[in-house]
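Structure first, commentary second.
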Amino acid sequence: FQGNVGQKNGKLTVHLPKTAGSEQASADLFLRVPFESKLQIQAGLGGVTVKGSQSNLQIRSDLGDITLEQHSGDADLKTALGSIKIVDCQFPAELKAVTDLGSVLLEGPLAKRTVLESKLGDIDILLAPEAAYVLKGEINLGSFKSEVPFQGRKGEKLIEGIIGSGEQRGVLFVKLDLGSLSFKILHDKKED
Numbered sequence: 532f533q534g535n536v537g538q539k540n541g542k543l544t545v546h547l548p549k550t551a552g553s554e555q556a557s558a559d560l561f562l563r564v565p566f567e568s569k570l571q572i573q574a575g576l577g578g579v580t581v582k583g584s585q586s587n588l589q590i591r592s593d594l595g596d597i598t599l600e601q602h603s604g605d606a607d608l609k610t611a612l613g614s615i616k617i618v619d620c621q622f623p624a625e626l627k628a629v630t631d632l633g634s635v636l637l638e639g640p641l642a643k644r645t646v647l648e649s650k651l652g653d654i655d656i657l658l659a660p661e662a663a664y665v666l667k668g669e670i671n672l673g674s675f676k677s678e679v680p681f682q683g684r685k686g687e688k689l690i691e692g693i694i695g696s697g698e699q700r701g702v703l704f705v706k707l708d709l710g711s712l713s714f715k716i717l718h719d720k721k722e723d
């Protein structure tokens with residue numbers, strides 16, 4: 532590795548050398564940070580995975596997937612080209628997950644205010660049976676299907692109503708330009 536790593540004002544920066552012809556440069560970073568650290572991550576090329584953090588989080592990726600697991604705190608996630616996967620997280624106030632080209636998969640509870648967007652890709656949400664949210668959605672070209680109870684109306688492009696059958700926990704805003712929106716029931720994970 533002949534890159535340059537710098538640290539200033541709590542910011543870690545990694546610069547890889549310029550390559551010529553068929554040469555390639557890459558770096559895999561594994562960082563351990565204090566449990567409650569506020570994280571702002573920006574990746575130009577490559578995936579970002581965050582596990583077990585407890586703080587507010589912001590991730591930006593130009594080209595690469597974002598995976599968030601066992602996180603507790605608000606999150607603002609955006610990738611230009613890549614998918615977003617969110618599993619077993621707790622968002623007290625807000626979750627925003629936006630991808631220009633890629634899918635969004637969310638397994639678990641939503642925030643009081645959740646915004647999910649994809650210009651080209653599907654959005655799949657697995658909800659616990661006892662959860663319910665106000666749904667305000669727009670699907671320009673695609674489909675809507677739900678195994679979770681839905682009470683409301685679905686027009687040509689707009690969807691409004693209540694998704695789920697339990698206590699209302701927040702509002703879900705969904706925008707899809709080209710892709711499908713699906714809701715499934717999240718079953719408890721059983722230990723083997």
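Following my numbering, the numbering of the sequence shown begins with 532 at its first residue and continues without gaps. Heads up, the beta-carbon is just placed ideally off N, CA and C, and yes, glycines get one too.
Proximity of residue i and residue j at Cβ, strictly below 7 Å
i: Ile654; j: Leu712; result: yes
i: Leu672; j: Leu709; result: yes
i: Leu717; j: Leu658; result: yes
i: Ala606; j: Leu576; result: no
i: Gly701; j: Leu636; result: no
i: Ile615; j: Thr630; result: yes
i: Gly686; j: Gly692; result: no
Cβ shell of residue i (< 7 Å), same chain only, five flanking positions each side left out
i: Lys582; result: Glu600 and Gln601
DSSP state of residue i mapped onto helix, strand, coil
i: Leu709; result: strand
i: Leu636; result: strand
i: Ser649; result: strand
i: Ala642; result: coil
Neighbourhood of residue i by C-beta, 8 Å cutoff - its chain only, sequence neighbours within 5 removed
i: Val579; result: Ile572, Ile590, Ser592, Gly595, Asp596, Ile597 and Thr598
i: Asn540; result: none
i: Lys688; result: Glu669, Ile670 and Asn671
Proximity winner among the options, relative to residue i (alpha-carbon distances)
i: Lys488; options: Ser696, Lys643 and Ile670; result: Nothing can be reported for residue 488: it is not among the residues displayed for the chain, which extend from 532 to 723.
i: Leu632; options: Gly639, Leu647 and Pro623; result: Leu647
i: Gly652; options: Glu661, Gln699 and Ala628; result: Ala628
Beta-carbon contacts of residue i that lie in its chain and below 6 Å, excluding the five residues immediately before and after
i: Gly668; result: Ile690 and Val705
i: Ser674; result: Ser711
What are the start and end residues of each continuous beta strand (DSSP E) run of 3 or more residues lying completely inside the region 560-632, in chain order? Qualifying beta strand (DSSP E) stretches, in chain order: 570-576, 579-582, 588-594, 597-600, 606-612, 615-618 and 625-632.
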